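Notes follow once the structure below has been shown.
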Amino acid sequence: MAATADRAHAAAVPVDVCAVVLAAGEGTRLRPLTERLPKALCPVGNVPLLDRALDRLAGLGLVGPARVAVNACYLGAQVVAHVGDRAHLSVEPGAPLGTAGGVANLRDWIAGRGVLVGNADAYLADPARPPGPDVAALLRDWDGDSVRLLGQPAADPRAPGTFDGHVFTGFSLLPWRLVRELPVTFGDLVRAVWRPAEAAGALTVVPYPGTFYDTGTPADYLAANLHAAGDGSLVAPTATVTGRCRAAVVGADAVVQGDVERAVVWPGATVGPGERLRDAIRAGATLTVPATPPLPGPARL
0 MAATADRAHA AAVPVDVCAV VLAAGEGTRL RPLTERLPKA LCPVGNVPLL DRALDRLAGL
60 GLVGPARVAV NACYLGAQVV AHVGDRAHLS VEPGAPLGTA GGVANLRDWI AGRGVLVGNA
120 DAYLADPARP PGPDVAALLR DWDGDSVRLL GQPAADPRAP GTFDGHVFTG FSLLPWRLVR
180 ELPVTFGDLV RAVWRPAEAA GALTVVPYPG TFYDTGTPAD YLAANLHAAG DGSLVAPTAT
240 VTGRCRAAVV GADAVVQGDV ERAVVWPGAT VGPGERLRDA IRAGATLTVP ATPPLPGPAR
300 L
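Numbering (numbering that gives the first Met the number 0), first residue to last: 0 to 300.
What follows is the structure in structure tokens.
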């Protein structure tokens, strides 16, 4: 029954909707990790974030360069090589164009269709539904004219940055009438599309029932990895672990000889004998990025 329901969700995607995965950003808050990899290719649960986004779209029946596009800019050659022929590629020259400019740059490819826009760095997981069907409600019975956002209730519904008391969770649905007006200049969808639609009463927030992390900070990136690992550790089959792993994610061909706890060891990275890696990300042989949540600072007057 569940498989039948999932197929029904995929079949419900309108044929006049395409998808864009935004993967051009620099990921400055994840530096120095993103000096090696673009944020979209950083692994969560040993799967690059971009692959997670493409798998979610595939679960909706959105596959191939005719229906899925990926934009790239920062370390764009890595993104292009990774995507290959799985999607249409839009390489932005110079600096990234932002979320609105990135969509506008794909106007000729979008060509009159509605657009499901996803952030490559959004980690989503719903225990009740696989990727794709978990966000299908965003597309269900869409009128093709309004704006929809995927969201979760905010801790403070009135906080800045919320929409109808919700925080944005990585996916939005845009009508062609608004996409065709976007300029191919730097800009963000919040100010160019979402807030104007909200003011016009043409924005709907669709609740996401699962877990969401934006993976933008080391602490959130670690939290997403630990969620993907479940109750234990997630160790790639080709990793070598002779040390101790507790609540960790260890990538392909990594070597762990020390003590690893609440940590991520990137593919090919090493943790030497006698080392203790805790609440951190290790890349290569020596790069260690702390990932503990910041302590509350003193109140600012």
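Every residue gets a Cβ at the ideal spot worked out from N, C-alpha and C, and that includes glycine.
Note that this is a predicted model, so its numbers are computed, not measured.
What do you reckon, are the CB atoms on residue i and residue j nearer than 8 Å?
i, j, result
"V204", "G150", "yes"
"G113", "D50", "no"
"A191", "L202", "no"
"G257", "G242", "yes"
"L29", "P217", "yes"
"D54", "P130", "yes"
"A282", "L74", "no"
"F170", "L137", "yes"
"A248", "V255", "Looking at the sequence itself, residue 248 is Val, so the reference to Ala does not match. Their beta carbons are not under 8 Å apart, which means V248 does not touch V255 by this criterion."
"A235", "A222", "no"
"W265", "A253", "yes"
"F162", "L148", "yes"
According to the neighbour-count rule (16 or more other Cβ atoms, all chains shown, within 10 Å of its Cβ), is residue i buried or exposed?
i, result
"G296", "Per-residue confidence for G296 stands at a pLDDT of 41, beneath the threshold of 50, marking its modelled position as unreliable; the derived number appears in the next sentence. Answer is exposed; the Cβ neighbour count stays below 16."
"P208", "exposed"
"D140", "exposed"
"R179", "exposed"
"P47", "buried"
"R176", "exposed"
"D219", "buried"
"A39", "buried"
"A1", "Summary for A1: the model assigns pLDDT 43, below 50, so the residue's position carries little reliability; its value from the coordinates is reported in the next sentence. Per the 10 Å Cβ criterion, exposed."
"A154", "exposed"
"R299", "Low confidence applies here, because R299 scores a pLDDT of 32, under 50, leaving its location unreliable; read the following figure in that light. R299 should be labelled exposed."
"G58", "buried"
"P174", "buried"
"A52", "buried"
"R157", "exposed"
Identify, in the order they occur along the chain, each residue of the same chain with its Cβ nearer than 6 Å to the Cβ of residue i, setting aside the five sequence neighbours on each side.
i, result
"A18", "L56, L61, V67 and L115"
"G305", "The first residue shown for the chain is 0 and the last is 300, placing residue 305 beyond what the model contains."
"L276", "V259, A262 and V270"
"T291", "D278"
"H8", "Residue placement at H8 cannot be trusted, given a pLDDT of 48 that sits under 50; what the coordinates show is reported in the next sentence. Once the five neighbours on either side are set aside, the close Cβ partners of H8 are P132 and A135."
"A124", "G209 and T210"
"T239", "V254"
"A284", "T269"
"E274", "G257"
"A126", "Before going further, note that residue 126 is Pro rather than Ala in the sequence given. Answer for P126: no residue qualifies."
"P289", "A279"
In the DSSP assignment, what are the bridge partners of residue i?
i, result
"T239", "V254"
"G150", "F167 and P206"
"G113", "V16"
"P129", "None; P129 has no bridge partner."
"Y212", "Y122"
"R275", "D258"
"V248", "L233 and V263"
"V62", "Answer is none; V62 lacks a bridge partner."
"R281", "V264 and T287"
"S89", "N70"
So, for residue i: in the same chain, excluding its five sequence neighbours on each side, which residues have a beta-carbon less than 8 Å away from its beta-carbon?
i, result
"N104", "N70, S89, E91, L96 and V183"
"A196", "S145, V146, L177 and L202"
"C244", "S232, V234, V255, V259 and E260"
"A10", "Model confidence at A10 stands at a pLDDT of 46, short of 50, so the residue's coordinates are unreliable; what they give is reported in the following sentence. Excluding sequence neighbours, A10 sits near G60."
"Q77", "L36, P37 and L40"
"T287", "L276, A279, I280 and R281"
"T27", "T33"
Please return the same chain residues whose Cβ sits closer than 7 Å to the Cβ of residue i, not counting the five positions on each side in sequence.
i, result
"D230", "none"
"R194", "none"
"P64", "D84, A86 and H87"
"D142", "none"
"P152", "G164 and H165"
"R106", "V178 and R179"
"T237", "A251 and D252"
Handout entry: Contact the segment 223-231 vs the segment 29-45: 3+ CB pairs below 8 Å
Key = Yes, they touch.
Exercise for the section: Mind the definition here: the segment 118-126 touches the segment 23-40 only if three or more C-beta pairs lie below 8 Å; say whether that holds. Expected result: Because the criterion of three Cβ pairs below 8 Å is met, the segment 118-126 and the segment 23-40 touch.
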